[in-house]
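Participant: Taking UniProt numbering, I'd label the letters of the sequence shown as residues 1 to 183.
Glycine residues also receive a C-beta, built at the ideal position from the N, C-alpha and C atoms.
Computed from a prediction, not measured in an experiment: that's the story for all the values here.
Structure below; questions to follow.
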Amino acid sequence: MKVSGIDFDPQATFRNWGDAREGTQKSIPSLTSVPVKSLSLSKWKTVEDFTDDNDLVVIDTPPALENDADAFLGLSQLADLVLVPTSATHNDISSNTPYLLSLKKAGVKAFVVFSRVNRQTKSFREARQRVAKYARVLPVEIPIAEDMHVHNHGGLTSVDIKDARGSKDVELLWDLIKHEIEL
Numbered sequence: 001m002k003v004s005g006i007d008f009d010p011q012a013t014f015r016n017w018g019d020a021r022e023g024t025q026k027s028i029p030s031l032t033s034v035p036v037k038s039l040s041l042s043k044w045k046t047v048e049d050f051t052d053d054n055d056l057v058v059i060d061t062p063p064a065l066e067n068d069a070d071a072f073l074g075l076s077q078l079a080d081l082v083l084v085p086t087s088a089t090h091n092d093i094s095s096n097t098p099y100l101l102s103l104k105k106a107g108v109k110a111f112v113v114f115s116r117v118n119r120q121t122k123s124f125r126e127a128r129q130r131v132a133k134y135a136r137v138l139p140v141e142i143p144i145a146e147d148m149h150v151h152n153h154g155g156l157t158s159v160d161i162k163d164a165r166g167s168k169d170v171e172l173l174w175d176l177i178k179h180e181i182e183l
């Protein structure tokens, strides 16, 4: 499978991750290649120029959706699937709600993925139930786990690390996504 990424976030953390993964691939050639290109959000209409030769393109956007709602909605309408990651905090849910409602109104296939959650807490269960009233929530969440981020500096994920905590959750998320986009 040919995979690439586009990072519209000026912080370029996704591109930096892709660069690190490319470096790590030199010592672990079996890693799936994920070249990531940085683009300014003002260039969102050119995204299709970078997607033709790929089976999957992952796009990272800046966190402040309200700053360029037209670009976000336009990118979303080009996508086969939009994942909206959120924690279970009131602030995250409040900031994502208008975007989720606009995606729903535009007929965009979108799902919420809860991340950095403690499944045992009442606040998480209540947040998931609240969001499910107006958006589709994937039936898997990514837990708070050090293994989820500790290997990012090498361009790795928890799935790349044997027995990493949370890796089974990420694998389940990927399986669900593959079904949704018929990959």
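Can you tell me whether DSSP reads LEU56 as helix, strand or coil?
Facilitator: strand
Participant: Where does the unbroken alpha helix (DSSP H) through PHE50 begin, and where does it stop?
Facilitator: Where PHE50 is concerned, there is no enclosing alpha helix (DSSP H), given that its DSSP letter is neither H nor E.
Participant: Since LEU41 and ASP68 are thought to touch, with beta carbons under 8 Å apart, how far apart are those beta carbons, to the nearest angstrom?
Facilitator: Contact holds; Cβ gap of about 6 Å.
Participant: Can the beta-carbon of PHE8 be found closer than 7 Å to that of THR61?
Facilitator: yes
Participant: Using the C-alpha atoms, what's the distance from ALA127 back to ILE59?
Facilitator: Answer to the nearest angstrom: the Cα atoms are 25 Å apart.
Participant: Determine the extent of the beta strand (DSSP E) in which ILE6 is found, giving its start and end residues.
Facilitator: 3-7
Participant: DSSP on ARG116, reduced to helix/strand/coil?
Facilitator: strand
Participant: Which full runs of the beta strand (DSSP E) of 3+ residues lie inside the stretch 66-111, going along the chain?
Facilitator: 82-86
Participant: In chain order, what residues of the same chain lie with their CB nearer than 8 Å to the CB of LEU78, ignoring the 5 residues before and after it?
Facilitator: VAL47 and GLU48
Participant: Could you tell me which of VAL82, VAL36, LYS133 and ARG119 sits nearest to ILE142, measuring between CA atoms?
Facilitator: ARG119
Participant: Measuring alpha carbon to alpha carbon, tell me which residue in ALA135, ASP175 and SER4 is nearest LYS105.
Facilitator: ALA135
Participant: Within 8 Å, do at least three Cβ pairs link the stretch 151-159 to the stretch 14-30?
Facilitator: yes
Participant: Between the beta-carbon of VAL57 and the beta-carbon of VAL34, is there less than 7 Å?
Facilitator: No.
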